Amino acid sequence: MIVTFWGTRGSIATVGSQTQVYGGNTPCVSVASGESLVILDAGSGIRRLAEKGYYKRFNRIHILLTHLHMDHIQGLGFFDMFFDPAAEIHIWGPPSTSASLKMRLHRYLSPPLFPVRIRDFSCQLHLHEVTQETFFIEPFYITTNFVLHPGPTLAFRLTDGDKVVSYIPDHEPALGAKKFPISPDWTSGYTLAQSADLLIHDAQYSEEEYSTRQGWGHSSMHQALQFAQLAQVKRLELFHHDPSHSDAQLDAMYQEYVNGQWDFEVHLAVEDQTISL
Amino acid sequence: MPVKEIEVILSRQLADSLSIPIFLVDPKGDLIFYNEPAEGILGKRFEDTGPMPMKIWSTIFKIKDDDGILIPQEDLPLVKSLTLQIPAQSSFWLESLSGERHHISVTSLPLIGEANRFLGALAIFWKNEDS
Numbered sequence: 001m002i003v004t005f006w007g008t009r010g011s012i013a014t015v016g017s018q019t020q021v022y023g024g025n026t027p028c029v030s031v032a033s034g035e036s037l038v039i040l041d042a043g044s045g046i047r048r049l050a051e052k053g054y055y056k057r058f059n060r061i062h063i064l065l066t067h068l069h070m071d072h073i074q075g076l077g078f079f080d081m082f083f084d085p086a087a088e089i090h091i092w093g094p095p096s097t098s099a100s101l102k103m104r105l106h107r108y109l110s111p112p113l114f115p116v117r118i119r120d121f122s123c124q125l126h127l128h129e130v131t132q133e134t135f136f137i138e139p140f141y142i143t144t145n146f147v148l149h150p151g152p153t154l155a156f157r158l159t160d161g162d163k164v165v166s167y168i169p170d171h172e173p174a175l176g177a178k179k180f181p182i183s184p185d186w187t188s189g190y191t192l193a194q195s196a197d198l199l200i201h202d203a204q205y206s207e208e209e210y211s212t213r214q215g216w217g218h219s220s221m222h223q224a225l226q227f228a229q230l231a232q233v234k235r236l237e238l239f240h241h242d243p244s245h246s247d248a249q250l251d252a253m254y255q256e257y258v259n260g261q262w263d264f265e266v267h268l269a270v271e272d273q274t275i276s277l
Numbered sequence: 278m279p280v281k282e283i284e285v286i287l288s289r290q291l292a293d294s295l296s297i298p299i300f301l302v303d304p305k306g307d308l309i310f311y312n313e314p315a316e317g318i319l320g321k322r323f324e325d326t327g328p329m330p331m332k333i334w335s336t337i338f339k340i341k342d343d344d345g346i347l348i349p350q351e352d353l354p355l356v357k358s359l360t361l362q363i364p365a366q367s368s369f370w371l372e373s374l375s376g377e378r379h380h381i382s383v384t385s386l387p388l389i390g391e392a393n394r395f396l397g398a399l400a401i402f403w404k405n406e407d408s
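These protein sequence lines map, in sequence, to chains A and X.
If you're matching positions, the first sequence starts at 1 in the numbering used here and goes up one per residue.
If you're matching positions, the second sequence starts at 278 in the numbering used here and goes up one per residue.
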């Protein structure tokens, strides 16, 4: 399994000299195994994946959307495979209680927000609504479940043989909890992350920032670490960097919150980085 | 132990933050959480009991009407919310095993989450002034 980060930034693309190390594109992660490519979220990072032609050896692409906040779908219209009639693309994502996945995507992929309508994509496009289930995209078994974040939001657990990648980019498991973490059975996302070889998890805020942004749907770096420890993961990639955090600030947060205190591997997710499992 | 659905986790966290008694049950009616104010009604602490199967927690009380007649289970708000998946409300006398009597009003609502998943019910207890 080859995991590549194409976008690691949360909320809004943040380009500039201050974000050159960890990257400024919004969430997009690819997971490749054999002849299959699964793309997790379609933030602005998906444009870079397209730019590098990375997908071209795969004739069938699966895009798994955790939710439809702008930073997770804004790259869709810039993925040029949508305009290749020979390409087969499957998009998997959550419906809302009142609108289908197609209708919800159409709100963005139509004027005035975007010049091209989803029906004008010339690829063979298949949309799949998923809620909480396990499905198979060879060679991956993919388990989904809702997690704590405003609006219907999924997270994914991809299993390929004996390797597991968990992707929980937008997640506030500590919301409303008097004490965090409590027991695993009362912790959002636990089953998806349990014993994962690699957990990619929201770590947007410092502790101080979280105290004024509770309910916004994100975790502090410290909460991400506590969640990873509860789930007994082997490696944690801190993800969904806040747009206001420069590379230097991220390094300082890492020093403060991580710094050798945990019994699993911890890294700040870096755009363009590849991890082999 | 399976992880609770996020709507159930949020319900517990809401209950944990309120000063009115709240009981949270799963679709089978098993009591999966009650908050600190509810501990006063049950006479037990959640930290001590943990979750309780319906057959156990339902025997802790006798529920009677104004005439002292036992109310059938199917007429209780929480049972209606579980079986019919509707909100329900009523007042009755609640008698604990120690013989203590309280006049109680109960409002219950079914928990129906994303994708119309039925996840259980939540009951709010109010102790009436004539209690």
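A virtual CB, placed ideally from N, CA and C, is assigned to each residue, including glycine.
Keep in mind it's a predicted model, so treat the numbers as computed, not measured.
Under a criterion of Cβ atoms nearer than 9 Å, the residues of chain A adjacent to Leu291 of chain X are, in order, Gly176. Ala32 of chain A and Ile2 of chain A have their C-alpha atoms roughly 5 Å apart. From the listed residues X:His380, X:Ser385 and X:Leu396, the smallest Cα separation to Asp342 of chain X is found for X:His380. Between Ser385 of chain X and Ser368 of chain X, the gap from beta carbon to beta carbon reaches 8 Å or more.
The way I'd put it, the region 65 to 75 of chain A does touch the region 35 to 52 of chain A; three or more beta-carbon pairs between them come closer than 8 Å. Against chain X, the beta carbon of Trp186 of chain A has neighbours under 8 Å at Val280, Lys281, Ile286 and Arg289, listed in chain order. Our two residues, Lys281 of chain X and Ile118 of chain A, have alpha carbons roughly 36 Å apart in a direct line. Listed in chain order, the positions of the region 367 to 394 of chain X with a beta carbon within less than 7 Å of a beta carbon of chain A are Glu391 and Ala392. Membership of Thr144 of chain A in the beta strand (DSSP E) is indicated by the continuous run Phe140 to Phe146. Distance check between Tyr257 of chain A and each of A:Thr19, A:Pro243 and A:Leu238 places A:Leu238 closest, using alpha-carbon atoms only. Short of 8 Å from the beta carbon of Lys102 of chain A, and not among the five residues preceding or following it, lie these beta carbons of its own chain, in chain order: Ile118 and Leu127. By the criterion of a C-beta distance shorter than 7 Å, His149 of chain A is surrounded in its chain by His67, Asp170, His171, Glu172 and Gly217, once the five residues flanking it on both sides are discounted. Linking His69 of chain A to Phe146 of chain A through their CA atoms gives a straight-line distance of about 15 Å. When DSSP states are grouped into helix, strand and coil, Thr134 of chain A belongs to the strand group. With a cut-off of 8 Å on Cβ pairs, the region 348 to 362 of chain X is in contact with the region 384 to 399 of chain X, counting three or more such pairs. Here Arg378 of chain X has Trp370, Leu371, Glu372 and Ser408 as same chain residues with Cβ atoms under 8 Å from its own Cβ, once five neighbours each way along the sequence are excluded. At least one CB atom of chain A sits nearer than 8 Å to the CB of Ser294 of chain X.
Not a single CB atom of chain X sits nearer than 8 Å to the CB of Leu68 of chain A. Straight across, the Cα-Cα distance linking Phe82 of chain A with Leu109 of chain A is about 12 Å. Under a criterion of Cβ atoms nearer than 8 Å, the residues of chain X adjacent to Leu148 of chain A are, in order, Ile283, Ile286 and Leu287.
Going by beta carbons, Leu158 of chain A and Val38 of chain A fall inside the 8 Å limit. Taking 7 Å as the Cβ-Cβ cut-off, the region 186 to 207 of chain A approaches chain X at Trp186, Thr187, Ser188, Tyr190 and Thr191, given in chain order. Looking at A:Asp197, A:Arg213 and A:Glu133, the one whose alpha-carbon comes closest to that of Gln204 of chain A is A:Arg213.
For Leu64 of chain A, the uninterrupted beta strand (DSSP E) run begins and ends at Arg60 to Leu64, by DSSP. For Pro27 of chain A, the closest Cβ of chain X is not nearer than 8 Å. Between Met329 of chain X and the set X:Asp344, X:Lys321 and X:Leu308, the nearest pair of CA atoms involves X:Leu308.
Leu225 of chain A is a Cβ neighbour of Val266 of chain A, given a cutoff of 8 Å. For the region 71 to 104 of chain A, the set of positions with a beta-carbon nearer than 7 Å to some beta-carbon of chain X reads Thr97 in chain order. Secondary structure within the region 48 to 124 of chain A: the beta strand (DSSP E) runs of 3 or more consecutive residues, fully enclosed, are 60 to 64 and 88 to 93 (chain order). Taking the Cα positions, Glu316 of chain X is about 54 Å away from Ile89 of chain A. At least one beta carbon of chain X lies nearer than 8 Å to the beta carbon of Pro152 of chain A. Spatial neighbours of Glu351 of chain X in its own chain (CB-CB distance under 8 Å, excluding positions within 5 residues in sequence) are listed in chain order as Lys357 and Thr360. One Cα belongs to Arg322 of chain X, the other to Leu199 of chain A, and the distance between them is close to 36 Å. The contact set of Thr131 of chain A on chain X, defined by CB atoms closer than 7 Å, consists of Glu391 and Ala392 in chain order. The residue among A:Asp185, A:Thr97 and A:Ser246 with its C-alpha nearest the C-alpha of Ala392 of chain X is A:Thr97.
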